[in-house]
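Asker: Before we start, here is the structure in question, set down as structure tokens.
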Amino acid sequence: MSRFRNLLRLHGAIANNAAGKRWISLYEQMKLMDKLNEESGRLRFTGYSDTGFNINNIFYEGSIMCHGSLILNWTPMSFKEITSESLSIFELLRPAPELLVLGCGRSVQFPGKDVKDFLRSNGIKLEAVDSRSAVATFNFLNDEGRLVAAAILPFGSES
Numbered sequence: 597m598s599r600f601r602n603l604l605r606l607h608g609a610i611a612n613n614a615a616g617k618r619w620i621s622l623y624e625q626m627k628l629m630d631k632l633n634e635e636s637g638r639l640r641f642t643g644y645s646d647t648g649f650n651i652n653n654i655f656y657e658g659s660i661m662c663h664g665s666l667i668l669n670w671t672p673m674s675f676k677e678i679t680s681e682s683l684s685i686f687e688l689l690r691p692a693p694e695l696l697v698l699g700c701g702r703s704v705q706f707p708g709k710d711v712k713d714f715l716r717s718n719g720i721k722l723e724a725v726d727s728r729s730a731v732a733t734f735n736f737l738n739d740e741g742r743l744v745a746a747a748i749l750p751f752g753s754e755s
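Take any residue in the sequence shown, note its place counting from 1, add 596, and you have its number in this note's numbering.
Quick look at the structure:
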């Protein structure tokens, strides 16, 4: 926590109100979280569109897979294309993620039994949500330092 306070002081984000208590604006908190993520090497989705994602303020076109500090283009462009084969990289990744956040496009859909069985056999839990929620969930869990991965279709993807 002292590192966080030092960053606050360094960037002048701590201000005193009339009662003499310190406060930090939400905008300043977000800037500092971005700064901490840059220093720690953690990935953070900073935006999305119908065709791709901003990760650490860099735009990536198409479907994306993230784990640790790794960003990969992901082959599936629609939910129908998500198979255990399209997720086979999780057999190789170490440390293996505890959870895969699967962004299904505009709406929540649930993958087939083969995908669920594949992930379970690799000790990975699955959270299938729409892509907007997947971005937020990944950011939250990754900021906590959890071993989380994301495989996300662009928001404009249909089934």
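Every residue gets a Cβ at the ideal spot worked out from N, C-alpha and C, and that includes glycine.
Following the continuous alpha helix (DSSP H) through T733, name the residue where it begins and the one where it ends.
Answerer: 727-739
Asker: Roughly how many whole angstroms lie between the Cα atoms of L715 and M661?
Answerer: Answer to the nearest angstrom: the Cα atoms are 15 Å apart.
Asker: Name the DSSP bridge partner or partners of L668?
Answerer: M661
Asker: If we count the other Cβ atoms within 10 Å of its Cβ and call it buried at 16 or more, is I654 buried or exposed?
Answerer: Classification of I654: exposed, given that the 10 Å Cβ count is below 16.
Asker: Counting pairs of beta carbons, one from the region 676-685 and one from the region 698-717, are three or more of them closer than 8 Å?
Answerer: yes
Asker: For F706, which of helix, strand or coil comes out of DSSP?
Answerer: coil
Asker: Can you name the start and end residues of the beta strand (DSSP E) that I651 belongs to?
Answerer: 648-651
Asker: DSSP on L696, reduced to helix/strand/coil?
Answerer: It is a strand residue.
Asker: Candidates A692, G648, S665: which alpha carbon is nearest T671's?
Answerer: G648
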